[in-house]
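Structure record follows, encoded as structure tokens.
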Amino acid sequence: MSTLHPTSGSIPGHADDHHDHHDHHGPYYQSKGSFWTNVWDWCTTVDHKKIGVMYLIAVLIFFFIGGVLALAVRTELLEPVRTVAGQVTGQFFKSDEGIGKGNEIYNRLFTLHGAVMVFMVIIPSVPAALGNFLLPLMLGAKDVAFPRLNLLSWYIYFFGSMFAGLSIYFGGVDTGWTFYTPYSTTTDPDQSRVILMVLGAFIMGFSSILTGLNFIVTVHKLRAPGMGWFDMPLFIWAIYATSIIQVLATPVIGITLLLLILERVFHIGIFDPGLGGDPVLFQHFFWFYSHPVVYVMILPGMGIISEIIPVHAHKKIFGYRAIAFASLGITAVSFLVWGHHMFSSSTELAATIFSALTFLVAIPTAVKVFNWILTLYKGSIAMNTPMLYALIFLFLFSIGGLTGLPLGALSTDLHLTDSYFVVAHFHYVMMGGTIIAFVGGLHHWWPKMTGRMYNEFWGMTGAILVFIGFNVTFFTQFIMGVQGMPRRYATYVDTFQIWHVVSTIGSYILLVGFLVHLFNFIASLRGRVAPANPWGALSLEWYAASPPIEHNFEHEPIVKHGPYDYGEVVPFHCSEEDYPLADKPAGASAHTVH
Amino acid sequence: MNHNQPLRSAHAADAHGHAPGGFDETNPHGTAAGHHAHKHVIVSAFTNRVVLAVLLTFTALTVGLANAEVWIQQYFDIHFPTWVNVSVAMSIATVKAALVVMYFMQLRYDNPINTVIFLFSLFAFALFLGFTTIDLDNRGKVYAYKGGEVQVGGNRIVGAKTLDKPIVQQRREEFLKSVLAGDQAKFDAMKAELFHHRQNYHPRVEHSVSTSGTSRPRGGTTPGLFEAKAPADDGHGHGADHKHDSNSATKPASGSGH
Amino acid sequence: MSTIDFKPGLIQGGRAPGYETYKHASHFRTKDEEFDACKTGMWLFLATEVLLFAGIFVWYSIYRMMYPDAFRNGSSYLDWRWGGLNTVVLLISSYTMAMSINHFQHNRQKEARRNLVITLVCGALFVAIKLLMEYIPKMTGWHFDPTMSHAGGEALTKFGGLFYFEQGYGGKLPGILFSYPFATDPHENMWWSLYYTGTGLHAAHVLIGMALIARVWWFSRPGVENYGPKHYTGVEMAGLYWHIVDLIWIFLFPLLYLIH
């Protein structure tokens with residue numbers, strides 16, 4: 170095993186010579202001139218890094234909006250809504266038109282929270298934002314395979330979210346983020362809000378498809394010389410598996426939402442029992458996409474954890490191939506289990522089959538978790554923010570995953586369907602899994618993306634606050650759910666009030682945690698300059714400068730070692746004194762930044 | 119950060135050396151074994167012509183078989199089960215599609231990964247169709263009472279409006295009232311006229327909930343081919359009486375399947 | 006399979022043709038690698054097209070299963086002759102598209118462009134047949150009659166007899182718009198919804214495919230000649246798209262017109 174080295178010149182037949190830019194050795198975001206020149210440059214850029222950063226900013230803005238909506242929902246739930254002696258009490262969002270309208274506002278809030286968080290935050294968060302930035306870097310490529318298509322998919326995402334934004338501006342929708350018929354075909358009959366929101370999701374689907382397509386081709390065609398399939402970082406495997414799902418599942422939501430729009434405009438009857446259609450068919454159409462998409466959300470998060478753990482434990486990943494194949498396994502299983510979202514509406518035979526298949530998901534997922542834990546075992550763990558987030562992920566994701574099992578079993582699911590148990594379960598997976606991994610990954614790659622180090626103390630503080638806030642918010646919801654609190658109601662029986670109050674307090678702690686991170690990140694932009702490889706990592710993105718130059722690498726890297734060969738090779742830009750090789754006695758701290 | 123200098127290496131001797139097994143720096147996949155340079159293939163004009171000829175032949179064949187079946191039913195009263203018709207038509211379509219994909223789209227000569235991608239999409243489609251059918255085709259199979267009831271023609275609540283009658287019936291009555299001023303005799307005459315002159319568009323089957331499993335005769339294309347038979351007397355419908363008048367009656371959903 | 010007999014030369018104005026001067030994007034190592042990547046990307050996109058239409062096919066299957074008679078009935082309103090003619094038109098256009106690539110590979114620019122035009126004409130013919138012979142009569146009752154045999158007759162006519170009206174024939178519209186008075190099956194509206202959505206979505210794809218081919222045709226014009234033996238990625242992409250449109254019709258045709 171030897172380390173990577175840059176080639177001493179242009180590779181024969183390589184298209185490098187076609188380029189004669191003035192200066193492409195500065196950071197990718199360096200100013201090109203006046204303010205408007207820069208704006209134009211960013212709007213028309215085909216640089217995957219800039220596109221990734223634009224996605225990141227958009228995702229963070231939508232995360233803020235979705236978070237505010239969530240806090241509004243939690244605030245409404247501080248008190249149950251009821252009418253006492255003609256007086257409505259406990260209704261935070263009131264309407265002049267009475268208690269029913271006030272509750273409808275609540276319905277719109279949780280719908281928008283779900284739609285914004287799913288379609289605009291979680292789906293593009295890791296693949297589009299971090300993935301765009303990192304995938305070519307990790308592969309040692311100059312860019313993704315189709316850079317202009319990449320920019321197009323960003324614009325599609327942007328315009329899709331504009332449609333959704335218009336819908337919110339006109340008053341939002343109250344169908345639930347799943348757009349179930351007949352809610353979505355009968356509510357607001359004379360309004361265009363539902364159509365706008367559905368159209369927004371439809372358009373954003375194309376963005377997802379094009380990103381996935383781009384990534385698959387990039388992985389196939391643009392790996393650096395010497396990088397075989399099993400020399401790729403596991404983040405790439407996760408993104409690759411994600412992209413397969415995006416390409417194969419997203420078109421189905423495209424046709425579903427298209428049919429839904431036709432249903433609303435022409436009442437074509439496919440999902441409308443009024444004309445002989447079948448609303449359950451909509452659920453099949455919807456979940457054929459939306460269940461695999463659950464793995465679009467979690468797989469990249471798993472990829473991030475597969476990077477953070479070996480880097481910050483400075484130990485070779487345990488079971489590389491097992492984790493890689495587990496990603497593909499999850500992809501395969503993801504297409505077989507969508508029916509478990511509809512146990513209460515599907516037929517017994519289908520429900521039984523879907524239930525049995527659902528348990529298959531646990532196998533590759535557990536394989537990953539066990540491999541991460543074994544990677545940590547006897548590693549030289551650096552307790553910094555990314556590592557802390559990885560540990561939080563393991564904890565929360567395990568709870569989220571294990572509570573999925575009772576939901577996958579028919580008998581318990583029928584009790585727990587549409588209860589807060591389900592709400593808690595998917596928040597533990599989506600937020601405790603994906604968002605936690607996303608924030609952890611953001612800290613991990615922040616030095617690479619911005620060239621600056623964040624403050625470790627505030628990063629850790631934020632992580633701890635998020636951890637506490639998250640558990641206080643959502644663990645209470647497991648308890649409520651088992652006791653029978655149904656989801657999507659503004660009102661509830663008094664017994665649950667104590668839990669709701671605790672949960673709402675937790676959500677505010679969560680807010681504080683995220684604000685700490687936000688200010689930490691903003692402050693870091695004027696903070697300490699980051700070295701090219703602050704963590705002593707071995708994957709190729711750390712070989713590039715921090716921040717990378719416009720074409721990522723000064724010379725095309727040639728890969729001669731794996732991404733996790735810790736202790737066997739000296740990390741890029743690092744000295745052997747800091748990162749001793751395996752056959753030498755342990756010397757200085759493995760995580761000195763220099 | 120010295121980007122231009124080789125990095126320190128644990129095995130410095132190898133840093134510029136070639137790895138065993140024919141490491142090729144110009145090759146994106148590192149080793150010669152991993153990848154073969156793709157040759158551009160030219161599908162010859164002759165091949166394209168042959169493929170087109172076969173495709174047209176199969177089109178004629180599938181149309182011919184579909185019409186032959188109707189003809190056999192009409193004259194010899196031999197009825198094939200539905201699956202015969204479906205599987206013949208779909209098999210021919212599959213062969214045609216395979217030809218287009220293999221030759222016109224050159225998948226036969228292409229990088230195998232493209233074939234894999236295409237097959238994956240078909241596989242995903244099969245899963246989609248298969249599981250959805252398993253669910254919706256089995257309502258009430260285990261517990262009959264869970265089958266529920268369907269209202270023939272729908273429950274009439276469409277968007278914000280509620281139709282007075284199932285849509286087909288309502289439209290008929292609207293037409294009768296507004297265009298024909300309630301003249302039922304004229305309506306029947308129009309229907310007979312329309313169906314008589316436009317054989318191809320002639321609906322032969324009166325509504326029924328339970329029948330399936332047999333192919334239905336359809337209008338011929340040769341004028342007068344089926345003249346001998348009265349429209350509703352093809353022996354498979356349920357008479358010329360207006361079955362649909364009982365549209366609003368509810369019927370078990372399980373019966374509307376196969 | 007034959008080898009490329011390519012003779013380099015200059016086009017008018019002393020400029021090398023586009024396919025000669027084409028430089029691949031800098032992040033690819035070779036032109037071939039770019040070509041391969043584009044093709045794989047296109048196939049991934051075609052996979053999404055297949056799954057987009059999967060929704061239509063699942064719709065068809067489920068409702069055919071639920072309301073077999075409505076579908077059989079509905080199918081018998083369609084004339085297989087128009088469907089068959091459209092199939093032939095599309096198959097021929099697929100052939101000319103494939104031949105166009107063949108000609109570009111042999112640097113026969115004129116023949117290649119001629120084949121592109123035939124493909125475009127076939128596409129337009131397909132849409133015209135669909136509209137004039139199927140959609141408009143079924144929706145409105147106005148029949149298209151190029152022989153103008155109804156001019157001056159009893160029937161209402163338009164455009165000097167180019168269209169004539171048949172009372173009670175139209176109204177076969179999707180969903181709530183359905184107003185055909187002589188329907189005999191209570192779920193016949195479901196059939197028409199499927200018919201218009203399926204064929205309409207397909208026709209939209211035909212139009213998109215035509216736009217792609219027109220783009221290729223435009224950039225292959227004399228004086229530009231962007232496509233030739235050394236570089237024909239754009240033609241190949243447009244061709245693949247056109248063939249998948251054909252492929253979907255190959256299945257839609259028997260499902261809608263023939264199965265009964």
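Protein chains in written order, with the working numbering: chain P, 170 to 763; chain H, 119 to 376; chain L, 6 to 265. C-beta: ideal position from N, C-alpha, C; glycine also.
Cβ of P:V421 less than 8 Å from any chain H Cβ?
-> Within the first sequence, the letter at position 252 stands for residue 421 of chain P. For P:V421, the answer is yes, since a Cβ of chain H falls inside 8 Å of its Cβ.
Roughly how far, in whole angstroms, is the beta-carbon of L:S198 from the beta-carbon of P:I437, given that I think they are within contact range, below 8 Å?
-> For this step, residue 198 of chain L is matched to residue 193 along the third sequence. For this step, residue 437 of chain P is matched to residue 268 along the first sequence. Contact between L:S198 and P:I437 holds, since their C-beta atoms are separated by about 4 Å, short of 8 Å.
Using a Cβ-Cβ cut-off of 8 Å, state whether L:P151 counts as contacting chain P.
-> Translated into positions along the third sequence, residue 151 of chain L becomes position 146. Under the Cβ distance rule, L:P151 does not count among the residues neighbouring chain P, no pair being separated by less than 8 Å.
What do you reckon, are the CB atoms on H:D255 and P:G508 nearer than 8 Å?
-> Taking the first residue of the second sequence as 1, we reach residue 255 of chain H at position 137. Taking the first residue of the first sequence as 1, we reach residue 508 of chain P at position 339. Not in contact: H:D255 and P:G508 (Cβ atoms no closer than 8 Å).
Hey, how far is the Cα of L:H248 from the Cα of H:V218?
-> Counting from 1 along the third sequence, the entry for residue 248 of chain L is found at position 243. Counting from 1 along the second sequence, the entry for residue 218 of chain H is found at position 100. Answer to the nearest angstrom: the Cα atoms are 7 Å apart.
Do the segment 351-362 of chain P and the segment 437-455 of chain P meet, that is, are 3 or more Cβ pairs less than 8 Å apart?
-> Yes, they touch.
Would DSSP call P:G269 helix, strand or coil?
-> Against the first sequence, residue 269 of chain P aligns to sequence position 100. Helix, per DSSP.
With 8 Å set as the bound, which would you pick, yes or no: does the beta-carbon of P:H389 sit closer than that to a beta-carbon of chain L?
-> The count along the first sequence starts at 1 and reaches residue 389 of chain P at position 220. Contacts with chain L at 8 Å (Cβ-Cβ) include P:H389.
Indicate the three-state DSSP secondary structure (helix, strand or coil) for L:H155 in the structure shown.
-> Your numbering for residue 155 of chain L matches position 150 in the third sequence. L:H155 carries a coil assignment under DSSP once its states are collapsed to helix, strand and coil.
For the beta strand (DSSP E) holding P:R392, just list the boundary residues, first then last.
-> The residue given as residue 392 of chain P occupies position 223 in the first sequence. Taken as a continuous stretch (DSSP letters only), P:R392 belongs to no beta strand (DSSP E), as it is neither H nor E.
Compare the C-beta of H:V276 with all C-beta atoms of chain P and state if any pair is closer than 8 Å.
-> Position 158 of the second sequence, counted from the start, is the residue given in the question as residue 276 of chain H. So, interface residue.
Across which residues does DSSP place P:I474 in a beta bridge pair?
-> Here residue 474 of chain P is taken as the residue at index 305 of the first sequence, counted from 1. P:I474 pairs with nothing; no bridge assigned.
Presumed contact (8 Å Cβ cut-off) between L:S80 and H:L247, rounded CB distance = As a first step, residue 80 of chain L is located in the third sequence; it is residue number 75 there, counting from the start. As a first step, residue 247 of chain H is located in the second sequence; it is residue number 129 there, counting from the start. Under the criterion of beta carbons closer than 8 Å, L:S80 and H:L247 do not qualify as touching, at roughly 19 Å.
Members of the segment 176-190 of chain H that neighbour chain P once the beta carbon cut-off is set at 7 Å = Cβ contacts with chain P come from no residue of the segment 176-190 of chain H.
Leaving aside the five residues before and after P:H217 along the sequence, list all residues of the same chain whose C-beta is less than 8 Å from its C-beta, in chain order.
-> Along the first sequence, read from residue 1 onward, the residue named residue 217 of chain P stands at position 48. Correct list, in chain order: N301, F302, L304, P305, D312, V313, P316, N319.
Which residues in the same chain as P:P461 place their Cβ atom closer than 7 Å to its Cβ, once the five residues preceding and following it in sequence are excluded?
-> Mapped onto the first sequence, residue 461 of chain P falls at position 292. Closer than 7 Å at the Cβ level, and outside the excluded window around P:P461, lie I414, A418, S503, F504.
If L:S184 sits next to L:G176, beta carbons under 8 Å apart, how far is it from one beta carbon to the other, in whole angstroms?
-> In the third sequence, the residue the question calls residue 184 of chain L occupies position 179. In the third sequence, the residue the question calls residue 176 of chain L occupies position 171. That pair is a contact at about 4 Å.
Looking only at DSSP bridge pairs, what is L:H148 linked to?
-> As a working mapping, residue 148 of chain L is identified with position 143 in the third sequence. Answer is L:Y169.
Whose C-beta lies closer than 8 Å to the C-beta of P:L365 among residues of the same chain, with five residues either side of it excluded?
-> Counted from its first residue, the first sequence places residue 365 of chain P at position 196. Excluding positions up to five away in sequence, the list reads F332, A333, L335, S336, F339.
Please check if any C-beta of chain H sits within less than 8 Å of the C-beta of L:K286.
-> What the structure shows of chain L is the stretch from 6 to 265, and residue 286 of chain L is not part of that stretch, so it cannot be assessed.
Can you find a CB in chain P that lies within less than 8 Å of the CB of L:F170?
-> Within the third sequence, residue 170 of chain L is the residue found at index 165, counting from 1. With respect to chain P, the C-beta atom of L:F170 has no partner C-beta closer than 8 Å.
For P:P479, which residues of its own chain have a beta-carbon under 6 Å away from its beta-carbon, when the five flanking residues on both sides are left out?
-> The residue labelled residue 479 of chain P in the question sits at position 310 within the first sequence. In the same chain as P:P479, and ignoring 5 residues on each side of it, the C-beta atoms closer than 6 Å to its own belong to I486, T544, Y733, in chain order.
In terms of alpha-carbon separation, which member of L:F40, L:F109, L:Y72, L:I123 lies closest to H:V270?
-> For the purposes of this step, residue 270 of chain H is identified with residue 152 of the second sequence, where counting begins at 1. When the alpha-carbon of H:V270 is set against those of L:F40, L:F109, L:Y72, L:I123, the nearest one is in L:Y72.
Put P:R621 into one of helix, strand or coil per three-state DSSP.
-> For the purposes of this step, residue 621 of chain P is taken as the residue at position 452 of the first sequence. Strand at P:R621.
When the cut-off is 8 Å and only beta carbons count, does H:F236 lie next to chain L?
-> Residue 236 of chain H sits at position 118 when you count from the first residue of the second sequence. Closer than 8 Å: yes.
Could one say the Cβ of P:H187 lies closer than 8 Å to chain H's Cβ atoms, at least one of them?
-> Here residue 187 of chain P is taken as the residue at index 18 of the first sequence, counted from 1. Only weak support is given to the placement of P:H187: the predicted model assigns it a pLDDT of 43, under 50, and the question is left unresolved by the model.
Thinking C-alpha only, which one of H:L312, H:W201, H:Q224, H:I196 is nearest H:I160?
-> The residue labelled residue 160 of chain H in the question sits at position 42 within the second sequence. Cα-wise, what sits closest to H:I160 is H:Q224.
Look at L:L182 and P:F435 and say whether their C-beta atoms are less than 8 Å apart.
-> Reading the third sequence from its first residue, position 177 is the one you call residue 182 of chain L. Reading the first sequence from its first residue, position 266 is the one you call residue 435 of chain P. Yes; because the gap between Cβ atoms is below 8 Å, this pair is in contact.
Is it right to say H:G182 is buried, meaning 16 or more other beta carbons lie within 10 angstroms of its own, or is it exposed?
-> Stepping through the second sequence from its first residue, residue 182 of chain H is reached at position 64. Exposed is the label assigned to H:G182, since fewer than 16 other Cβ atoms lie within 10 Å of its Cβ.
Among P:P358, P:I325, P:T347, which has the Cα closest to the Cα of H:T280?
-> Residue mapping note: residue 280 of chain H aligns to position 162 of the second sequence, counting from 1. The candidate whose alpha carbon is nearest that of H:T280 is P:P358.
Alpha carbon to alpha carbon, what distance is there between P:V222 and P:A751?
-> Position 582 of the first sequence, counting from 1, holds the residue named residue 751 of chain P. Position 53 of the first sequence, counting from 1, holds the residue named residue 222 of chain P. About 37 Å.
How long is the line joining the alpha carbons of P:T411 and P:F636, rounded to whole angstroms?
-> Numbered from 1 along the first sequence, position 242 holds the residue referred to as residue 411 of chain P. Numbered from 1 along the first sequence, position 467 holds the residue referred to as residue 636 of chain P. The straight-line gap separating the alpha-carbon atoms of P:T411 and P:F636 is approximately 26 Å.
Count the other CB atoms within 10 Å of the CB of L:G228; is the residue buried (16 or more) or exposed (fewer)?
-> Translated into the one-based positions of the third sequence, residue 228 of chain L becomes position 223. L:G228 is exposed by the Cβ-count criterion.
At what residues does the alpha helix (DSSP H) containing P:V728 begin and finish?
-> On the first sequence, residue 728 of chain P is found 559 positions in, with the first residue counted as 1. Here P:V728 belongs to no alpha helix (DSSP H), and DSSP marks it neither H nor E.
Using a C-beta cutoff of 8 Å, does P:I325 count as contacting chain L?
-> For the purposes of this step, residue 325 of chain P is taken as the residue at position 156 of the first sequence. With 8 Å as the cut-off, P:I325 does not count as an interface residue toward chain L.
Which bits of chain H does P:S580 rub up against, with CB to CB less than 8 Å?
-> On the first sequence, residue 580 of chain P is found 411 positions in, with the first residue counted as 1. Chain order gives no chain H residues near P:S580, where near means a beta carbon separation below 8 Å; the closest approach is about 15 Å.
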